[in-house]
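S.K.:
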Amino acid sequence: MRDLSEYDLVGLAAAIRNKELSAREAAETCLARLEAAQPRLNCVLRLDREDALAAAAAADAALADGRVLGPLHGVPLAHKDMFYRAGKVVTCGSRIRRDFVPDHTATVLRRLDAAGALQLAALHMNEFAYGPTGHNAHFGHCRNPWSTAHITGGSSSGSGAAVAARLVFGALGSDTGGSVRIPAALCGLVGLKTTSGRVSRYGAMPLSFTLDTIGPLARTVRDCALLTEIISGADPEDPTSREVPAPRWAGELEAGVRGLKLGVPDAYFLDGMNAETQSLYDAVVDTYRALGAEILTVSPPAIEEISALAAIVIAAEAAAIHGNWFRERPQDYSEQVRTRLEIGFHHPATRYLEAVMLRARHLEAFGRAVLDRVDAMLAPVLPIPTPTIADTDVGGSAAMDATLGLLVRCCRPINYLGLPSLALPAGFTANGLPFGVQLIGRPFAEARLFRIGRAYERETEWYKRRPPGF
Amino acid sequence: MAKLQAETVRSWARAAQDLDLSPERAAALADSLDRLAAAAAAARRALPFDCEPALFWRVQRRWQGDEQ
Chain A
427 MRDLSEYDLV GLAAAIRNKE LSAREAAETC LARLEAAQPR LNCVLRLDRE DALAAAAAAD
487 AALADGRVLG PLHGVPLAHK DMFYRAGKVV TCGSRIRRDF VPDHTATVLR RLDAAGALQL
547 AALHMNEFAY GPTGHNAHFG HCRNPWSTAH ITGGSSSGSG AAVAARLVFG ALGSDTGGSV
607 RIPAALCGLV GLKTTSGRVS RYGAMPLSFT LDTIGPLART VRDCALLTEI ISGADPEDPT
667 SREVPAPRWA GELEAGVRGL KLGVPDAYFL DGMNAETQSL YDAVVDTYRA LGAEILTVSP
727 PAIEEISALA AIVIAAEAAA IHGNWFRERP QDYSEQVRTR LEIGFHHPAT RYLEAVMLRA
787 RHLEAFGRAV LDRVDAMLAP VLPIPTPTIA DTDVGGSAAM DATLGLLVRC CRPINYLGLP
847 SLALPAGFTA NGLPFGVQLI GRPFAEARLF RIGRAYERET EWYKRRPPGF
Chain B
24 MAKLQAETVR SWARAAQDLD LSPERAAALA DSLDRLAAAA AAARRALPFD CEPALFWRVQ
84 RRWQGDEQ
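Chains A and B, in that order, give the protein sequences. As numbered in the working numbering, residues 427 to 896 make up the first sequence, in order. As numbered in the working numbering, residues 24 to 91 make up the second sequence, in order.
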């Protein structure tokens, strides 16, 4: 079987279109890799072997007929197990939905299908996407391909592990408080938290309808950009989605950063870093400076407050969504998710609504202090090196708030502001695990973030490193 | 701000949400609620009268700056 792992998604799509290999060969190779890696990584919740091979055969037949289905013709993908596909069990990483079979298909999956992509599997996730670790009490913990003793990050844990281990060429995740960016950073991938309204959420499991976003994880910036272009755009089924032109992935991707301004925050985001992560972050800043970007210090206002308001919004909305199950079958939730849901029932309605109402004011203030001055702000995804599974397996104990709080610290405020943020691999810590940074930009400015990210990627080539044994 | 009492949290849970919390869980919850209430109270002071939720989308458009 041919080694396809040197292709990125865009490269593989071109190879299939050019008939250098068939969609069936790509699918079979990836299915074999998914099966072989499962005992080590536990990143798959449902394998769609037969459907994927049938779709691959159809793609090959179409190509033989001179028809290209779309820009992802025959490309093997897999997605977090929370995107509904009619007739398939979608567990949402939970016991409660272990047998749930939706009657409709998520808009993002329909768009990927229409672009010619294959879905090979549904991937591991934190229970109901409510956790940043990759732990799951019902299905077992997902393992980081760089070190199986360490967390993948979550909640899009399987998406991070599967793409990093070269099992598939891209994956969708969801990001309510860091759930795309954290696994992307911890697994050495590019991951996009999209602008609120950029991508339809129809047919995706909700956690917090105010803060939920959907975005891709991929090996390279151009892969991430192409997937974003395909899933973006208004959808009549999701009235919160916006009719904004999708970012043209090829447009300005290679334009470099000379003349652009990058912001380095003077507070909050760099707090809690240790000498090692600070040094890696500083090296990213130095690289951008050497590439011609102008580096400015910015002062993002009231981020501690924003983080607390985001916590209130998520907790209240999640509690409302889960209320009936929570009352009727609390024993079917893991201890951690049950404990986290509990608090949401106790915020007064006025406190929740105040938190929602204050979003505009905080976005305005952030805009004036940051977005008005720079093209993007650079922050770490995690201020600390990737922790181990053992260190973060705190269940619902008293240590839970502090442990989870540190993981989402730099990400959750960005969901409250509704801004796009692109996570990028930015080197490795001494424990051999990837370190990631995020570029935070103006609403709907994903194309600019891809350009800035690509300039760094081209210079450093971290994406060429692969986890040992994969 | 007076510290939220665990028994108060338990009675809220029973009356408003039909939930039965142990005294230990109610005490832990009271701590978390106190912390978030303090942050929310600080934030609330910045809330103007006419800040309805949809204003967020108008502000988002104002800062929308993509060069598509």
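Every residue, glycine too, gets a C-beta built ideally from N, C-alpha and C.
Would you say E768(A) reaches chain B, if we count a Cβ-Cβ gap shorter than 8 Å as a contact?
M.R.: Chain B contact via Cβ: present.
S.K.: Note down, one range per segment and in chain order, each alpha helix (DSSP H) of at least 4 residues found wholly within the stretch 663-746 of chain A.
M.R.: As far as the stretch 663-746 of chain A is concerned, its whole alpha helix (DSSP H) runs of at least 4 residues are 701-716.
S.K.: Throw me the rounded Cβ distance for the L706(A) and V594(A) pair, which I believe falls under 8 Å.
M.R.: Not really, about 28 Å apart at Cβ, beyond 8 Å.
S.K.: Between which two residues does the beta strand (DSSP E) harbouring S34(B) extend?
M.R.: S34(B) -> not in any beta strand (DSSP E); alpha helix (DSSP H) instead, spanning A29 to Q40.
S.K.: With respect to the beta strand (DSSP E) encompassing F854(A), which residues constitute its N-terminal and C-terminal limits?
M.R.: Residues S847 to F854.
S.K.: Would P869(A) count as contacting chain B if we go by Cβ distances under 8 Å?
M.R.: Yes, P869(A) counts as interfacial toward chain B.
S.K.: Are the beta-carbon atoms of L471(A) and A452(A) separated by less than 8 Å?
M.R.: No, the pair does not count as a contact, with Cβ atoms beyond the cut-off.
S.K.: Identify the contact partners of E75(B) in chain E, using a Cβ-Cβ distance below 7 Å as the criterion.
M.R.: No chain E appears in this structure, whose protein chains are A and B.
S.K.: Using only the alpha-carbon positions, how far apart do E75(B) and D491(A) sit?
M.R.: Rounded to whole angstroms, E75(B) to D491(A) spans 55 Å at the Cα level.
S.K.: My understanding is that H505(A) touches A548(A), with C-beta atoms under 8 Å, so please give their C-beta distance in whole angstroms.
M.R.: Between A548(A) and H505(A) the Cβ distance is about 6 Å, and since that is below 8 Å, they are a contact.
S.K.: For S570(A), count neighbouring Cβ atoms within 10 angstroms of its own Cβ and tell me buried if that reaches 16, exposed if not.
M.R.: The question names Ser, yet the displayed sequence has Asn at residue 570(A). Looking at its Cβ environment, which holds 16 or more other Cβ atoms inside 10 Å, N570(A) is buried.
S.K.: Would you call the stretch 582-598 of chain A in contact with the stretch 33-40 of chain B, where contact means no fewer than 3 C-beta pairs closer than 8 Å?
M.R.: The stretch 582-598 of chain A, when compared against the stretch 33-40 of chain B, does not touch it at the 8 Å Cβ threshold.
S.K.: Quick check for students: name the residue ranges of the beta strand (DSSP E) that lie wholly in the stretch 591-627 of chain A, counting only runs of 3 or more.
M.R.: Listed in chain order, the complete beta strand (DSSP E) runs (minimum 3 residues) inside the stretch 591-627 of chain A are 597-601 and 616-619.
S.K.: Give me the residue from Q762(A), T602(A) and C836(A) with the minimum Cα distance to T636(A).
M.R.: When only C-alpha atoms are compared, the closest one is T602(A).
S.K.: In three-state terms, what does DSSP make of G862(A)?
M.R.: Note: G862(A) maps to strand in three-state DSSP.
S.K.: Give the interface partners of F72(B) over in chain A, defined as CB-CB distance under 8 Å, in chain order.
M.R.: Residues of chain A passing the Cβ test: none, with the nearest at roughly 10 Å.
S.K.: Where does M803(A) land, buried or exposed, given buried means 16+ other C-beta within 10 angstroms?
M.R.: Its Cβ being crowded by 16 or more others within 10 Å, M803(A) is buried.
S.K.: Which residue from C469(A), A463(A), D477(A) and L688(A) puts its Cα closest to that of A881(A)?
M.R.: Out of C469(A), A463(A), D477(A) and L688(A), L688(A) has the C-alpha closest to the C-alpha of A881(A).
S.K.: Could you list which residues in chain A have their beta carbon closer than 8 Å to that of Q87(B), in chain order?
M.R.: Those within 8 Å of Q87(B) in chain A are V670, R868, P869, F870 and A871.
S.K.: By a C-beta neighbour count over all protein chains shown, 10 Å radius and 16 as the cutoff for buried, is D712(A) buried or exposed?
M.R.: Counting Cβ neighbours within 10 Å, D712(A) comes out exposed, since fewer than 16 surround it.
S.K.: Would you mind sorting Q83(B) into buried or exposed? The rule is 16 or more other CB atoms within 10 Å of its CB.
M.R.: Classification for Q83(B): buried.
S.K.: Going by alpha carbons, who is nearest to R443(A) out of A651(A), D429(A), E872(A) and R493(A)?
M.R.: Minimum Cα distance to R443(A) is reached at R493(A).
S.K.: Short of 7 Å Cβ to Cβ, which residues in the stretch 791-806 of chain A face chain B?
M.R.: If the cut-off is 7 Å between Cβ atoms, the stretch 791-806 of chain A has G793 and L797 near chain B.
S.K.: Kindly list, in the order they appear in chain B, the residues whose Cβ is closer than 7 Å to that of I738(A).
M.R.: The contacting residues are L59 and A63.
S.K.: Run through the stretch 800-854 of chain A for me and flag every whole beta strand (DSSP E) of 3 or more residues, listed as ranges in chain order.
M.R.: The stretch 800-854 of chain A contains these whole beta strand (DSSP E) runs: 802-806 and 847-854.
S.K.: What does a CB cutoff of less than 7 Å around G623(A) pick up in its chain, not counting 5 residues either side in sequence?
M.R.: Closer than 7 Å at the Cβ level, and outside the excluded window around G623(A), lie T666, S667 and R668.
S.K.: Going along the chain, which residues of the stretch 491-516 of chain A sit with their C-beta nearer than 9 Å to a C-beta in chain B?
M.R.: For the stretch 491-516 of chain A, which is checked against every Cβ of chain B, not one residue is closer than 9 Å.
S.K.: Alpha carbon to alpha carbon, what distance is there between R868(A) and V796(A)?
M.R.: C-alpha separation (whole angstroms): 9 Å.
S.K.: Run down chain A in chain order and give the residues with a C-beta less than 7 Å from the C-beta of A38(B).
M.R.: What A38(B) touches in chain A: nothing, since even the nearest Cβ is about 11 Å away.
S.K.: Check the Cβ of L633(A) against every Cβ in chain B and list those closer than 8 Å, keeping chain order.
M.R.: Neighbours of L633(A) on chain B: none; closest Cβ ~18 Å, over 8 Å.
S.K.: Alpha carbon to alpha carbon, how far is G822(A) from R766(A)? Give it in angstroms, no decimals.
M.R.: Roughly 8 Å between the two C-alpha positions.
S.K.: Short of 8 Å Cβ to Cβ, which residues in the stretch 44-55 of chain B face chain A?
M.R.: Correct list: L44, R48, A51, L52 and S55.
S.K.: Just to make sure I have the definition right: I need the residues of chain B whose C-beta is within less than 8 Å of the C-beta of D827(A). Which are they?
M.R.: S55, listed in chain order.
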